[in-house]
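Visitor: First the structure, then my questions, so here it is.
Number of protein chains: 2
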Amino acid sequence: MKILVVSAHPDPASLTNALRGVAVEQLEADGHEVRVTDLYAAGWKSAVDRTDFPALPEAERLRVPAASSAAFTTGTLTDDVTAEQATLLWADALILAFPLWWFSMPAILKGWVDRVYAYGFAYGVGAHNETRWGDRYGEGTLAGKRAMLVVTAGGWETHYGPRGINGPIDDLLFPIQHGVLFYPGYAVLPPFVVYRADGLTESGFAATAEGLRARMRTLFSTAPIPFRRQNGGDYAIPSMALRPDLAPHLTGFAAHLDTAQPSTGGAP
Amino acid sequence: MKILVVSAHPDPASLTNALRGVAVEQLEADGHEVRVTDLYAAGWKSAVDRTDFPALPEAERLRVPAASSAAFTTGTLTDDVTAEQATLLWADALILAFPLWWFSMPAILKGWVDRVYAYGFAYGVGAHNETRWGDRYGEGTLAGKRAMLVVTAGGWETHYGPRGINGPIDDLLFPIQHGVLFYPGYAVLPPFVVYRADGLTESGFAATAEGLRARMRTLFSTAPIPFRRQNGGDYAIPSMALRPDLAPHLTGFAAHLDTAQPSTGGAP
């Protein structure tokens with residue numbers, strides 16, 4: 001299979017990049033083909049601005065969705081963005097490796113999402129009408145592929161527990177796992193999270209690396225997080241609210257997990 | 001009073017920047033002193049890297065917290081960062097105005113957080129020992145000040161409702177409101193969110209602007225979101241888990257709201 005690993009840490013010797021190395025090594029040892037986008041090494045441009053849309057007339061306002069759609073449709077996005085889009089289409093699986101900075105991705109990785117996820121590519125896909133609100137949340141350009149986060153965090157695991165002060169890690173990652181990965185179609189695997197990253201000892205790293213190797217060996221068999229598909233009948237259109245009879249007592253992120261989905265570990 | 005407004009949209013004529021203008025105008029009309037950081041106009045650098053720590057020896061690895069701490073302590077952070085820190089200290093209130101891109105901040109604003117929030121300034125503040133895990137979550141450098149988000153979103157309000165497919169807006173904003181604003185001490189006001197931003201009509205804008213003006217008039221009297229203070233006795237140390245007798249049936253972000261806090265609308 002084919003895998004793209006995108007990493008986002010400025011220090012080549014960082015834990016994030018060491019884990020990226022472990023992942024790539026294991027995947028290649030298992031016969032997979034791997035490509036790496038090291039955003040810092042590539043000098044990735046983070047901010048969406050007019051230079052992303054060279055065909056946009058100077059006199060025209062920059063309305064990002066419209067400009068993005070026009071550029072995607074006419075093939076006038078910048079080369080760095082189109083190359084990443086091609087690699088996303090090439091890959092059967094996507095791995096994002098990053099340190100959790102302020103409970104989210106580093107800016108450079110957010111800028112990868114903001115720029116690569118063009119209108120027509122990652123959103124604005126599929127028919128929008130009275131019975132269908134586009135192909136998203138489990139459908140879309142990247143459906144049939146898998147994605148997974150590899151995250152290093154400074155705090156303790158309990159700080160990210162169900163009642164930990166930072167908020168549960170699954171909820172903190174929901175805007176990424178559900179909003180960035182599931183949205184354009186990825187089946188999202190449970191994340192690989194390393195806590196107390198700054199104090200990791202050599203033996204701690206060895207154990208962590210072994211855990212990550214195990215996750216790489218099962219990349220194509222691990223059961224995805226059972227997010228509910230938008231167009232599977234669970235949501236009312238156009239309100240996009242979960243049907244009242246489903247998980248009737250739940251609100252918040254937890255309501256969007258279909259705990260009745262079979263966890264067969266098969267393909268998405 | 002003194003207010004800093006930070007905005008993050010590449011189009012000077014965007015709704016985000018129009019709302020920024022409305023906010024500034026109302027605040028100044030009410031006699032406040034306002035400064036604006038327009039991140040795009042300033043050409044703000046998004047990615048944390050070695051150039052942020054000019055005093056870091058070339059041979060030394062870039063460990064971000066350590067480098068950040070050393071640079072903050074020795075006054076060797078870059079000028080753009082120290083200027084923003086000084087303005088944060090100057091301001092009695094902070095307003096962040098941005099479009100919700102992929103359920104979070106645009107990269108350029110995340111880069112403002114990643115770079116301005118140095119170790120010793122926004123984290124790593126206060127004593128760390130067996131009874132106290134630093135000054136954070138309601139205490140810290142920016143305690144006594146207020147903060148508020150002004151957010152534009154493309155989707156419908158119901159999509160961000162308690163059971164809406166995107167997840168509730170309060171939960172999507174928790175990593176920012178709790179993790180970025182409450183963490184270094186801000187009292188966080190309820191956000192001002194504009195839905196269906198792309199389709200806003202002229203009369204819709206007029207009504208929205210009036211709503212924002214009302215929020216600006218009450219910036220210093222609106223009751224903050226009642227996030228629980230870390231060092232108020234609600235959390236066990238060092239696990240930082242919420243005490244079992246508090247909100248015993250709750251997990252997730254909702255557990256960190258102290259609904260028994262008085263909503264007097266007074267100073268934080």
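Residue numbers (full-length UniProt numbering), protein chains in the order written: chain S, 1 to 268; chain W, 1 to 268. By construction, the Cβ of each residue, glycine as well, lies at the ideal position given by its N, Cα and C atoms. All of these numbers come straight from a predicted model, not from anything done at the bench.
So which residues of chain S does W/A251 contact, with C-beta pairs closer than 8 Å?
Guide: The residue you call residue 251 of chain W lines up with position 251 of the second sequence. Going by the sequence as given, residue 251 of chain W is Thr instead of Ala. Ordered by position in chain S, the residues that pass the 8 Å Cβ test against W/T251 are P162, R163 and P168.
Visitor: Quick one: list the residues of chain S neighbouring W/R50, beta-carbon separation under 9 Å, in chain order.
Guide: Numbered from 1 along the second sequence, position 50 holds the residue referred to as residue 50 of chain W. Those within 9 Å of W/R50 in chain S are P10 and D11.
Visitor: May I ask you to list the residues that DSSP assigns as paired with W/W44?
Guide: Locating residue 44 of chain W in the second sequence gives position 44, counting from the first residue. BP columns for W/W44 are empty, so no partner.
Visitor: Helix, strand or coil for W/P190, going by three-state DSSP, please let me know.
Guide: Position 190 of the second sequence holds residue 190 of chain W. Looking at W/P190 - three-state DSSP - the assignment turns out to be coil, as it is neither helix nor strand.
Visitor: Is there at least one Cβ from chain S nearer than 9 Å to W/R196's Cβ?
Guide: As a working mapping, residue 196 of chain W is identified with position 196 in the second sequence. It does not; no Cβ of chain S falls within 9 Å.
Visitor: Could you work out which residue in W/D92, W/V194, W/Q261 and W/G134 is closest to W/L219 when comparing CA atoms only?
Guide: Taking the first residue of the second sequence as position 1, residue 219 of chain W is located at position 219. W/L219 has its Cα closest to that of W/D92, out of W/D92, W/V194, W/Q261 and W/G134.
Visitor: Starting from the Cα of S/F53, find the closest Cα among S/L77, S/I169, S/A236 and S/S46 and give me that residue.
Guide: Your numbering for residue 53 of chain S matches position 53 in the first sequence. It is S/L77.
Visitor: Closer than 9 Å, CB to CB, is W/Y186 near chain S or not?
Guide: The residue given as residue 186 of chain W occupies position 186 in the second sequence. Not one chain S Cβ lies under 9 Å of W/Y186.
Visitor: Using a Cβ cut-off of 9 Å, pull out every chain W residue sitting near S/F103, in sequence order please.
Guide: Translated into the one-based positions of the first sequence, residue 103 of chain S becomes position 103. F174, P175, I176, H178, G179, V180 and Y183, listed in chain order.
Visitor: Which residue's Cα is closest to the Cα of S/P10: W/R215, W/R50 and W/S46?
Guide: Your numbering for residue 10 of chain S matches position 10 in the first sequence. Nearest option by C-alpha distance: W/R50.
Visitor: Shorter than 9 Å from the beta carbon of W/A93 to some beta carbon of chain S?
Guide: Translated into positions along the second sequence, residue 93 of chain W becomes position 93. Not one chain S Cβ lies under 9 Å of W/A93.
Visitor: Looking at the C-beta of S/Q85, does it have a partner C-beta in chain W at a distance below 9 Å?
Guide: As a first step, residue 85 of chain S is located in the first sequence; it is residue number 85 there, counting from the start. Not one chain W Cβ lies under 9 Å of S/Q85.
Visitor: On the premise that W/P175 lies in contact with S/S104, defined as a C-beta separation below 8 Å, what is that separation, rounded to the nearest angstrom?
Guide: As a first step, residue 104 of chain S is located in the first sequence; it is residue number 104 there, counting from the start. As a first step, residue 175 of chain W is located in the second sequence; it is residue number 175 there, counting from the start. With 8 Å as the limit, S/S104 and W/P175 qualify as a contact, their Cβ atoms being about 6 Å apart.
Visitor: Just by C-beta distance, which residues in the segment 57-86 of chain W are closer than 8 Å to chain S?
Guide: Going along the segment 57-86 of chain W in chain order, one finds R61, L62, R63, V64 and P65 with a Cβ nearer than 8 Å to chain S.
Visitor: Does the beta carbon of S/V113 come closer than 9 Å to any beta carbon on chain W?
Guide: Counting from one through the first sequence, the residue named residue 113 of chain S turns up at place 113. Interface residue, yes.
Visitor: If we define contact as Cβ-Cβ less than 9 Å, is W/D171 a contact residue for chain S?
Guide: Here the question's residue 171 of chain W lines up with position 171 in the second sequence. Look at W/D171: its C-beta is under 9 Å from a C-beta on chain S.
Visitor: Between which two residues does the alpha helix (DSSP H) holding S/F98 run?
Guide: For the purposes of this step, residue 98 of chain S is taken as residue 98 along the first sequence, with counting starting at 1. Where S/F98 is concerned, there is no enclosing alpha helix (DSSP H), although the beta strand (DSSP E) it sits in stretches over A93 to P99.
Visitor: Which complete beta strand (DSSP E) runs does the segment 69-126 of chain W hold, if anything under 3 residues is left out?
Guide: 93-99
Visitor: Considering W/T37, what are the terminal residues of the alpha helix (DSSP H) in which it resides?
Guide: As a working mapping, residue 37 of chain W is identified with position 37 in the second sequence. That residue, W/T37, is in no alpha helix (DSSP H); its beta strand (DSSP E) goes E33 to D38.
Visitor: Can you confirm whether the segment 134-152 of chain S touches the segment 121-129 of chain W when touching is taken to mean that 3 or more C-beta pairs between the two stretches lie within less than 8 Å?
Guide: Judged by Cβ distances under 8 Å, the segment 121-129 of chain W makes no contact with the segment 134-152 of chain S, as fewer than three pairs qualify.
Visitor: Quick check: is the beta carbon of S/K145 nearer than 9 Å to any beta carbon in chain W?
Guide: Taking the first residue of the first sequence as position 1, residue 145 of chain S is located at position 145. Interface annotation, S/K145: not in contact with chain W, CB-CB separation never under 9 Å.
Visitor: Distance check for W/R61 and W/T264, CA to CA, integer angstroms please.
Guide: To locate residue 264 of chain W, count along the second sequence from 1; it is residue 264. To locate residue 61 of chain W, count along the second sequence from 1; it is residue 61. Because the pLDDT of W/T264 is 45, which lies under 50, any placement of that residue in the model is unreliable, and the question is left without a value.
Visitor: Identify every residue that forms a DSSP beta bridge with W/Y235.
Guide: Translated into positions along the second sequence, residue 235 of chain W becomes position 235. BP columns for W/Y235 point to W/L242.
Visitor: Where does W/G138 fall in DSSP's three states?
Guide: Here residue 138 of chain W refers to the residue found at position 138 when the second sequence is read from its first residue. Reduced to three states, the DSSP call for W/G138 is coil.
Visitor: Does any CB atom of chain S fall closer than 9 Å to the CB of W/L242?
Guide: Against the second sequence, residue 242 of chain W aligns to sequence position 242. So yes, W/L242 belongs to the interface.
Visitor: DSSP beta-bridge partners for S/L172?
Guide: Start at 1 with the first residue of the first sequence, and residue 172 of chain S comes out as number 172. Note: S/L172 sits in no beta bridge, so no partner.
Visitor: Quick check on S/A42 - is its C-beta less than 9 Å from some C-beta in chain W?
Guide: Along the first sequence, read from residue 1 onward, the residue named residue 42 of chain S stands at position 42. Judged by the 9 Å Cβ criterion, S/A42 is not in contact with chain W.
Visitor: By the three-class DSSP mapping on this structure, what secondary structure does W/H9 have?
Guide: Indexing the second sequence from 1 puts residue 9 of chain W at position 9. When secondary structure is reduced to three states using DSSP, W/H9 falls in the coil class, being assigned neither helix nor strand.
Visitor: Would you decide whether S/S7 is buried or exposed? Buried here means 16 or more other CB atoms lie within 10 Å of its CB.
Guide: By one-based count along the first sequence, residue 7 of chain S stands at place 7. Classification for S/S7: buried.
Visitor: Just to confirm before moving on: does the CB-CB distance between S/A97 and S/N17 stay below 9 Å?
Guide: Sequence index remark: in the first sequence, residue 97 of chain S carries index 97 (1-based). Sequence index remark: in the first sequence, residue 17 of chain S carries index 17 (1-based). Taking 9 Å as the Cβ cut-off, S/A97 and S/N17 qualify as a contacting pair.
Visitor: Determine the closest residue to S/G211 out of S/G75, S/L19 and S/I3, with distance taken between C-alpha atoms.
Guide: For the purposes of this step, residue 211 of chain S is taken as residue 211 along the first sequence, with counting starting at 1. It is S/L19 whose Cα lies nearest to the Cα of S/G211.
Visitor: For chain S, is any of its Cβ atoms less than 9 Å away from the one on W/H128?
Guide: Your numbering for residue 128 of chain W matches position 128 in the second sequence. Chain S, which has no Cβ nearer than 9 Å to the Cβ of W/H128, makes this no.
Visitor: Would you say W/S7 reaches chain S, if we count a Cβ-Cβ gap shorter than 9 Å as a contact?
Guide: Along the second sequence, one-based indexing puts residue 7 of chain W at 7. At a cut-off of 9 Å between beta-carbon atoms, W/S7 makes no contact with chain S.
Visitor: Let me check one thing: in DSSP terms, what residues is S/F227 bridge-paired to?
Guide: For the purposes of this step, residue 227 of chain S is identified with residue 227 of the first sequence, where counting begins at 1. S/L257.
Visitor: Reducing DSSP to helix, strand and coil, say where W/A147 ends up.
Guide: Start at 1 with the first residue of the second sequence, and residue 147 of chain W comes out as number 147. The answer is strand: DSSP assigns W/A147 an E or B state.
Visitor: In chain W, what lies closer than 8 Å to S/Q230 by C-beta?
Guide: Start at 1 with the first residue of the first sequence, and residue 230 of chain S comes out as number 230. For S/Q230, the neighbours in chain W by C-beta distance under 8 Å run, in chain order, I165.
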